[in-house]
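These notes are about the structure you will find just below.
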Amino acid sequence: MNVCVVIPALDEEEPIGDVVRGCLATGLPSEVIVVDNGSTDGTAARAREAGARVVEAPRGYGRACAAGIHALSPHCEIVVFLDGDGSDCPELMDRLLQPIVEGKQDFAIGSRTRGEREKGSMNAQQVFAGYFAGWLIRPLYGVKYTDMCPFRAIRRDALDRLGMREQTYGWNLEMQMRAARAGLRILEVPVNHRCRTGGESKVSGTLRGTFVAGTRILATFFRVAAER
Numbered sequence: 252m253n254v255c256v257v258i259p260a261l262d263e264e265e266p267i268g269d270v271v272r273g274c275l276a277t278g279l280p281s282e283v284i285v286v287d288n289g290s291t292d293g294t295a296a297r298a299r300e301a302g303a304r305v306v307e308a309p310r311g312y313g314r315a316c317a318a319g320i321h322a323l324s325p326h327c328e329i330v331v332f333l334d335g336d337g338s339d340c341p342e343l344m345d346r347l348l349q350p351i352v353e354g355k356q357d358f359a360i361g362s363r364t365r366g367e368r369e370k371g372s373m374n375a376q377q378v379f380a381g382y383f384a385g386w387l388i389r390p391l392y393g394v395k396y397t398d399m400c401p402f403r404a405i406r407r408d409a410l411d412r413l414g415m416r417e418q419t420y421g422w423n424l425e426m427q428m429r430a431a432r433a434g435l436r437i438l439e440v441p442v443n444h445r446c447r448t449g450g451e452s453k454v455s456g457t458l459r460g461t462f463v464a465g466t467r468i469l470a471t472f473f474r475v476a477a478e479r
């Protein structure tokens with residue numbers, strides 16, 4: 252099956268080249284698309300040098316993901332998402348893809364809490380947020396999540412049916428909620444997680460970033476839940 256990778260990136264000049272090369276080195280994706288989400292550094296140039304196709308999107312994590320989806324080749328059958336900071340492990344991409352390729356699952360999401368985490372790669376708030384989101388979602392849709400990991404793979408046709416709308420950091424949660432509500436076959440896969448390899452986290456790097464992201468994620472939950 253034809254696999255494409257989408258990587259939202261905001262000011263990730265240091266790590267983005269290695270992330271792109273790591274994806275291509277697996278031999279699995281036909282294309283890697285980096286979405287420059289309003290970077291003020293050399294993110295776009297480093298991504299192109301590493302072999303990615305670069306598209307641009309206004310600020311907003313969800314906007315970046317949407318722009319990446321819009322840029323996909325019509326031949327793409329499976330979309331893989333991961334972050335551009337070097338914390339996800341593209342060499343584990345086959346763990347997410349295999350159950351989809353075999354026709355057993357529609358959506359495979361990495362779980363950092365169930366895999367091996369490098370010390371300092373996730374703070375307590377991030378771990379708690381993943382479990383808390385799962386606790387909120389399970390009574391609604393009967394699906395148990397332990398993380399909101401950005402490293403995930405989904406069938407293109409299934410993704411197109413979800414009607415994604417979120418423009419902020421709540422995008423990952425919206426996908427998980429809509430996938431569960433739509434009755435997709437979902438598998439949570441343990442994945443390893445590293446400390447970012449350069450730059451500063453836009454979410455967990457500052458108290459303000461954590462607060463803003465958390466607020467937007469909660470707002471996303473209540474908005475999507477209210478659509479029932």
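The sequence shown begins at 252 in my numbering and counts up one residue at a time. By construction, the Cβ of each residue, glycine as well, lies at the ideal position given by its N, Cα and C atoms.
Cross-strand partners of residue 255 (DSSP beta bridge): Here the question's residue 255 lines up with position 4 in the sequence shown. DSSP lists 282, 330 as partners of residue 255.
Selected residue, minimal CA-CA separation from residue 391, among 300, 429, 368: By one-based count along the sequence shown, residue 391 stands at place 140. Nearest C-alpha to residue 391: 429.
First and last residue of the uninterrupted beta strand (DSSP E) at residue 305: One-based indexing of the sequence shown puts residue 305 at position 54. Run containing residue 305: 304-307, per the beta strand (DSSP E) assignment.
Straight-line Cα distance separating residue 356 from residue 261: Taking the first residue of the sequence shown as 1, we reach residue 261 at position 10. Taking the first residue of the sequence shown as 1, we reach residue 356 at position 105. So the alpha carbons of these two residues sit roughly 31 Å apart.
Spatially closest choice to residue 333 from 324, 315, 414, by CA coordinates: Residue 333 sits at position 82 when you count from the first residue of the sequence shown. The candidate whose alpha carbon is nearest that of residue 333 is 315.
Beta-bridge partners of residue 404, as assigned by DSSP: Position 153 of the sequence shown, counted from the start, is the residue given in the question as residue 404. Answer is 331, 359, bridged to residue 404.
Residue 473 burial status per 10 Å Cβ neighbour count (16 or more: buried): As a working mapping, residue 473 is identified with position 222 in the sequence shown. Classification of residue 473: exposed, given that the 10 Å Cβ count is below 16.
Assigned secondary structure, residue 287 (DSSP; H/G/I helix, E/B strand, else coil): The residue given as residue 287 occupies position 36 in the sequence shown. In this structure, residue 287 counts as strand in the three-state DSSP scheme.
Helix, strand or coil at residue 347 according to DSSP, with G and I counted as helix: On the sequence shown, residue 347 is found 96 positions in, with the first residue counted as 1. Helix at residue 347.
Distance, residue 406 Cα to residue 286 Cα: What you label residue 286 is simply residue 35 of the sequence shown in a count that begins at 1. What you label residue 406 is simply residue 155 of the sequence shown in a count that begins at 1. The straight-line gap from Cα to Cα measures roughly 20 Å.
Exposed unless 16 or more other CB atoms sit within 10 angstroms - verdict on residue 464: By one-based count along the sequence shown, residue 464 stands at place 213. Residue 464 is buried by the Cβ-count criterion.
Three-state class that DSSP yields for residue 390 in the structure shown: In the sequence shown, residue 390 corresponds to position 139, counting from 1. Reduced to three states, the DSSP call for residue 390 is helix.
Anticipated Cβ contact below 8 Å, residue 196 with residue 444, distance rounded: Absent from the structure is residue 196, since the part of the chain shown begins at 252 and ends at 479.
Inter-stretch contact (C-beta, 8 Å, three-pair minimum) for the segment 363-383 and the segment 408-423: no
DSSP state of residue 438 mapped onto helix, strand, coil: Indexing the sequence shown from 1 puts residue 438 at position 187. In the structure shown, residue 438 sits in a strand (DSSP, three-state: E or B).
Inter-residue Cα distance where the pair is residue 319 and residue 288: As a working mapping, residue 319 is identified with position 68 in the sequence shown. As a working mapping, residue 288 is identified with position 37 in the sequence shown. Those two C-alpha atoms are separated by around 10 Å.
Residue 350 beta carbon less than 9 Å from that of residue 440: Your numbering for residue 440 matches position 189 in the sequence shown. Your numbering for residue 350 matches position 99 in the sequence shown. Yes, the pair counts as a contact, with Cβ atoms nearer than the cut-off.
Chain-order list of residues whose beta-carbon lies under 6 Å from that of residue 284 (same chain, five-residue window excluded): Looking up residue 284 in the sequence shown gives position 33. So the qualifying residues of the chain are 257, 304, 319, 322.
Limits of the alpha helix (DSSP H) - the one that residue 429 falls within: On the sequence shown, residue 429 is found 178 positions in, with the first residue counted as 1. Here the alpha helix (DSSP H) through residue 429 covers 422-432.
Three-state secondary structure assigned by DSSP to residue 380: As a position in the sequence shown, residue 380 is number 129, starting the count at 1. Residue 380: helix per DSSP, three-state reduction.
Selected residue, minimal CA-CA separation from residue 344, among 403, 466, 426: For the purposes of this step, residue 344 is identified with residue 93 of the sequence shown, where counting begins at 1. Per the Cα distances, 403.
Residue from 396, 435, 309 whose Cα sits closest to the Cα of residue 358: Looking up residue 358 in the sequence shown gives position 107. Among 396, 435, 309, the Cα nearest to that of residue 358 is on 435.
Beta-carbon proximity of residue 427 to residue 329, cut-off 9 Å: Within the sequence shown, residue 427 is the residue found at index 176, counting from 1. Within the sequence shown, residue 329 is the residue found at index 78, counting from 1. Not in contact: residue 427 and residue 329 (Cβ atoms no closer than 9 Å).
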